[in-house]
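Input: a single structure, listed below in C-alpha coordinates.
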Amino acid sequence: DVEAACNAIEELEATARLALLTRGLGARMLTEAQVRDVVTTFNVEWDQ
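If you want our numbering, it's the position in the sequence shown, counting the first as 1, plus 75.
Okay, here's the thing in C-alpha coordinates:
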(Lines of atoms letter the chains of each structure in order from A and count residues from 1; the text may use other names and numbers.)
(Lines give C-alpha, C1' and ligand atoms only; values in the text may rest on other atoms or scores of the structure.)
Protein backbone atom coordinates (compact mmCIF):
# COMPACT_ATOMS: atom_id res chain seq x y z
CA ASP A 1 0.00 0.00 0.00
CA VAL A 2 1.30 3.42 -1.00
CA GLU A 3 0.48 5.11 2.30
CA ALA A 4 2.43 2.51 4.29
CA ALA A 5 5.39 2.87 1.93
CA CYS A 6 5.38 6.66 2.34
CA ASN A 7 5.23 6.33 6.12
CA ALA A 8 8.15 3.90 6.08
CA ILE A 9 10.21 6.26 3.91
CA GLU A 10 9.50 9.17 6.27
CA GLU A 11 10.63 7.07 9.26
CA LEU A 12 13.79 6.05 7.41
CA GLU A 13 14.52 9.68 6.53
CA ALA A 14 14.07 10.78 10.15
CA THR A 15 16.35 7.98 11.36
CA ALA A 16 19.01 8.88 8.80
CA ARG A 17 18.82 12.54 9.84
CA LEU A 18 19.36 11.58 13.49
CA ALA A 19 22.30 9.37 12.55
CA LEU A 20 23.93 12.24 10.67
CA LEU A 21 23.26 14.79 13.40
CA THR A 22 24.68 12.62 16.17
CA ARG A 23 27.65 11.41 14.08
CA GLY A 24 27.93 8.17 16.02
CA LEU A 25 27.88 9.74 19.48
CA GLY A 26 27.23 7.27 22.27
CA ALA A 27 23.75 6.98 23.67
CA ARG A 28 22.92 8.77 26.92
CA MET A 29 20.67 6.55 28.98
CA LEU A 30 17.75 7.88 31.00
CA THR A 31 17.87 7.54 34.76
CA GLU A 32 15.14 5.57 36.53
CA ALA A 33 13.56 8.87 37.63
CA GLN A 34 13.53 10.17 34.04
CA VAL A 35 11.93 6.95 32.82
CA ARG A 36 9.23 7.27 35.49
CA ASP A 37 8.61 10.89 34.42
CA VAL A 38 8.19 9.88 30.77
CA VAL A 39 5.92 6.96 31.67
CA THR A 40 3.77 9.20 33.87
CA THR A 41 3.67 12.16 31.50
CA PHE A 42 2.74 10.14 28.41
CA ASN A 43 0.70 7.42 30.18
CA VAL A 44 2.93 4.65 28.81
CA GLU A 45 2.66 1.01 29.85
CA TRP A 46 6.20 0.12 30.97
CA ASP A 47 7.14 -3.27 32.38
CA GLN A 48 10.78 -3.02 33.40
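Positions of the beta carbon are idealized from the N, C-alpha and C atoms, including for glycine.
Helix, strand or coil for GLN123, going by three-state DSSP, please let me know. The residue labelled residue 123 in the question sits at position 48 within the sequence shown. Of the three classes helix, strand and coil, the one that applies to GLN123 here is coil, per DSSP.
Mapping DSSP to helix, strand and coil, what is THR106? Counting from one through the sequence shown, the residue named residue 106 turns up at place 31. Reduced to three states, the DSSP call for THR106 is coil.
Starting from ARG92, follow the alpha helix (DSSP H) in both directions and report where the run begins and ends. The residue labelled residue 92 in the question sits at position 17 within the sequence shown. Note, ARG92: alpha helix (DSSP H), 77-97.
Go through its chain and collect everything with a Cβ distance to TRP121's Cβ below 8 Å, but skip five positions before and after it. As a working mapping, residue 121 is identified with position 46 in the sequence shown. So the list reads VAL110, VAL114, once near-sequence residues are dropped.
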